[in-house]
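Visitor: Each protein sequence line maps, in turn, to chains A and B. Note that my numbering has the first sequence beginning at 236, numbered continuously upward. Note that my numbering has the second sequence beginning at 236, numbered continuously upward. Ideal Cβ placement from N, Cα and C applies to all residues, glycine included. This is the structure, below, for whatever I ask next.
Protein chains: 2
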Amino acid sequence: MTRIPVVENIMSANDQIAAENRARLDAAGVYALNVMASPGAGKTALIEETVKRLAGRLRLGVIEGDLATSLDAERTEAAGAVSVQINTGGNCHLEGWMVRDALARLPLADLDLVIVENVGNLVCPSGWALGTHRRVLVASVPEGDDKPYKYPTMYHGVDTLVINKIDLLPYVTFDMERFRRGVETLNPGLTTFALSCRTGDGLDAWVTWLAEQVAVYRAERAEAAR
Amino acid sequence: MTRIPVVENIMSANDQIAAENRARLDAAGVYALNVMASPGAGKTALIEETVKRLAGRLRLGVIEGDLATSLDAERTEAAGAVSVQINTGGNCHLEGWMVRDALARLPLADLDLVIVENVGNLVCPSGWALGTHRRVLVASVPEGDDKPYKYPTMYHGVDTLVINKIDLLPYVTFDMERFRRGVETLNPGLTTFALSCRTGDGLDAWVTWLAEQVAVYRAERAEAAR
Chain A
236 MTRIPVVENI MSANDQIAAE NRARLDAAGV YALNVMASPG AGKTALIEET
286 VKRLAGRLRL GVIEGDLATS LDAERTEAAG AVSVQINTGG NCHLEGWMVR
336 DALARLPLAD LDLVIVENVG NLVCPSGWAL GTHRRVLVAS VPEGDDKPYK
386 YPTMYHGVDT LVINKIDLLP YVTFDMERFR RGVETLNPGL TTFALSCRTG
436 DGLDAWVTWL AEQVAVYRAE RAEAAR
Chain B
236 MTRIPVVENI MSANDQIAAE NRARLDAAGV YALNVMASPG AGKTALIEET
286 VKRLAGRLRL GVIEGDLATS LDAERTEAAG AVSVQINTGG NCHLEGWMVR
336 DALARLPLAD LDLVIVENVG NLVCPSGWAL GTHRRVLVAS VPEGDDKPYK
386 YPTMYHGVDT LVINKIDLLP YVTFDMERFR RGVETLNPGL TTFALSCRTG
436 DGLDAWVTWL AEQVAVYRAE RAEAAR
C-alpha cells in the first residue's frame, strides 16, 4: 500500500487552484499578501493598522482564516476593509480552494490589495500555496529569539518579515542579533520591518513599502498588457 | 476512491501506540505530562523552572519535540533533567511512535516524572494521544485574550492550563476576565495556574500541585498493585 501519491495528488491540486487564484487576481489587477504567524503574533493588529493607514490611498479587501469565530473579520471590517471570514473547522492552515471561495465573495474589480490572514500556526501554512503574490511572516518579540532556528521551513519560505511588538523589548529576553542571524542564515537578504502595532513605531515604513509594492505590481501589469 | 479510512487507520494505530506508552510508564511508576502551546508561549521555560524547583524531590526526564535543533533539550538538560530531543523534520506535532522511541532512551526505572514538550502549535498536537497522564496547555499573556475562542479544540481538550508571562500584563492589552470566560465555556472548571517564569511569580503553586499529582498517582498505583 502506497500513501505518498495521495499526498502528492492533493498538493498538486492545491497548486493548480493557487495558480487559478493568481490568474483571477491578476485579471482584476489586485495585489495579494499571505500573512502567516504564530497565534497571537499580531497578524490581525498589523492588518488593522495597515488598513487604517492606507485608507483613501488603496482599496483593501481582507480574507480572514480561523478555526472558528468571525472575531478577526469583524475587526478588519471595522478598520475599513471589505472582509470575508473563512472558518476552517479543525484545519490548521488555509488551502487554495478556501481562498478561491473567499475571492468569489470579494468585489475584486473595486479593490487594489487583498490581504489573506492565515491560521495562526508556524508550521503547516508554509506548505500550501494560495495564489498570493507575497508571503509575509509576522514574528513577535515575546515569542523569543530562537524561533528562526526552531521553525526553519517557515522562515525559509517567506518573502517579507515583520518583527512586531518591539515595544516589549525592555521587558523580555530577546537578543535581536541572535534572531537576525538565524533569519539571515535561512533567508539571506530578507526584507524585514521592525515595528509595534501598539505604539505605531515603524508602521509608516511598512505601509510606505507595501504601497510601493502595489505600485510596482501595477506598473508591471500595465507594461505586460501593452 | 475513499481517503477517510486511511486517516482512521493511522489514528487508531497512534492510539494503540499511545496505550502501549501509557502501559510502559505505569509499569515503571512514572507520571507523564504532554505540554502543548503556541510557539514562544514559554513551554521550555516552564519545564526548566519546574525541573529546578523539583530538584531533590522528584527525578525528572524530559522529551523535547521540535522541527529542528536540540536547543530545548540542551536547556532542560542544563536545568537538571535527563533529556531526549525528538526532531520531527517537518512534522507539526508529536505522535505516539516518536514518544515510544524517546521513552526507550530514558532511564524510566530511575525517574518519577516525564515531561513531554510538544511542537509549538495550537492546532495539530491536540489530535494525537501520546500516552501521557495529563495534557497541559501553556497560554501566554502577549498572545491575547481571544485565543480560547479562536483555538477551541485545543482549549477544550486539555486537563490543565498555565497562563504564563503575567509580568507582561501592564504592557499589553489582555482582558483576563474575557480570557477566563472563553476557557470556562470550553472547559468548565479547568485547573488553571497564572504565573511568570521570568519573575517566578506563581511558580510555587504550580510545582506544589504537580508534585501532589505525582504523589496521588503513586498512591493509586500502589493501591492497584495490592
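(1) By a C-beta neighbour count over all protein chains shown, 10 Å radius and 16 as the cutoff for buried, is S247(B) buried or exposed?
(2) Got a sec: is the Cβ-Cβ distance from L438(B) to anything in chain A below 8 Å?
(3) Sorted by chain position, which residues of the same chain lie with C-beta nearer than 8 Å to T323(A)'s C-beta, five sequence neighbours on each side aside?
(4) Do you know offhand how far L295(A)'s Cα is from S318(A)'s?
(5) What residue range does the alpha helix (DSSP H) around T388(A) cover?
(6) In whole angstroms, give me the CA-to-CA distance for R416(B) and A254(A).
(7) Which residues in chain B have a C-beta closer than 7 Å to the C-beta of Y390(A)? List them in chain order.
(8) With a threshold of 8 Å on Cβ separation, who are the neighbours of P342(B) within its own chain once the five nearest residues in sequence on each side are excluded?
(9) On the three-state DSSP scale, how would you describe S305(B)?
(10) Using a Cβ cut-off of 8 Å (strictly closer), state whether A248(B) contacts chain A.
(11) Determine, for G355(A), whether the minimum Cβ-Cβ distance to residues of chain B falls below 8 Å.
(12) Under 8 Å, Cβ to Cβ, is there at least one residue of chain E near E378(B)?
(13) Can you give the Cα-Cα distance for E455(A) and G379(B), rounded to whole angstroms?
(14) Helix, strand or coil for S273(B)? Go by DSSP, reduced to three states.
(15) If I follow the unbroken alpha helix (DSSP H) through A446(B), where does it start and stop?
(16) Go ahead and label A267(B) buried or exposed: buried means 16 or more other beta carbons lie within 10 angstroms of its beta carbon, across all protein chains shown.
(17) Unbroken alpha helix (DSSP H) runs of length 4 or more, entirely within the stretch 349-415 of chain A: which are they?
(18) Where does S431(B) fall in DSSP's three states?
(19) Pull out every residue of the stretch 306-329 of chain B whose Cβ sits closer than 7 Å to any Cβ of chain A, in chain order.
(20) So, does the CB of C462(B) fall closer than 8 Å to a CB anywhere in chain A?
(21) Thinking just about the alpha-carbon of each residue, which of G435(A), D394(A) and A339(A) is nearest to the one in P423(A)?
(22) Ends of the alpha helix (DSSP H) at V286(B)?
(23) Which residues of chain B have a Cβ atom closer than 8 Å to the Cβ of Y507(A), listed in chain order?
(24) Going by the CB atoms, is the gap between F409(B) and V376(B) shorter than 8 Å?
(25) How would you call T279(B), buried or exposed, if buried means at least 16 neighbouring beta carbons within 10 angstroms?
(26) By DSSP, does G331(B) sit in helix, in strand, or in coil?
(27) Is it true that the CB of G331(B) sits closer than 8 Å to the CB of L357(B)?
(28) Could you check where the beta strand (DSSP E) with V265(B) kicks off and where it finishes?
(29) Give the C-beta separation of L430(A) and D436(A) to the nearest angstrom, bearing in mind that I take them to be a contact with Cβ-Cβ under 8 Å.
(30) Step through the CB atoms of chain B and report whether any lies within less than 8 Å of the CB of L341(A).
(31) If you measure from the beta carbon of D345(B) to each beta carbon in chain A, is any gap under 8 Å?
(32) Give every residue of the same chain whose Cβ lies closer than 6 Å to the Cβ of H368(A), excluding the five residues on either side of it in the sequence, and list them in chain order.
(33) Mind checking if L396(B) is an interface residue toward chain A, Cβ cutoff 8 Å exclusive?
(34) Can you tell me where the beta strand (DSSP E) holding N322(B) begins and where it ends?
(35) Can you confirm whether S375(B), when its beta carbon is compared against all beta carbons of chain A, has any partner nearer than 8 Å?
Guide: Taking the definition as stated:
(1) exposed
(2) no
(3) G300, D301, L302, L329, M333 and V354
(4) 9 Å
(5) P387 to H391
(6) 42 Å
(7) Residues of chain B passing the Cβ test: none, with the nearest at roughly 11 Å.
(8) G296 and V317
(9) coil
(10) no
(11) yes
(12) Protein chains A and B are contained in the structure displayed, whereas chain E is not.
(13) 40 Å
(14) coil
(15) L438 to A460
(16) buried
(17) 382-385 and 387-391
(18) coil
(19) L306, G325 and C327
(20) No answer is possible for residue 462(B): it lies beyond the span of chain B, which begins at 236 and ends at 461.
(21) D394(A)
(22) K278 to L289
(23) The requested residue 507(A) is not part of the displayed model; chain A covers only 236 to 461.
(24) yes
(25) buried
(26) helix
(27) no
(28) V265(B) -> no beta strand (DSSP E), and no H or E assigned at all.
(29) 6 Å
(30) no
(31) no
(32) Y266 and A267
(33) no
(34) V317 to N322
(35) yes
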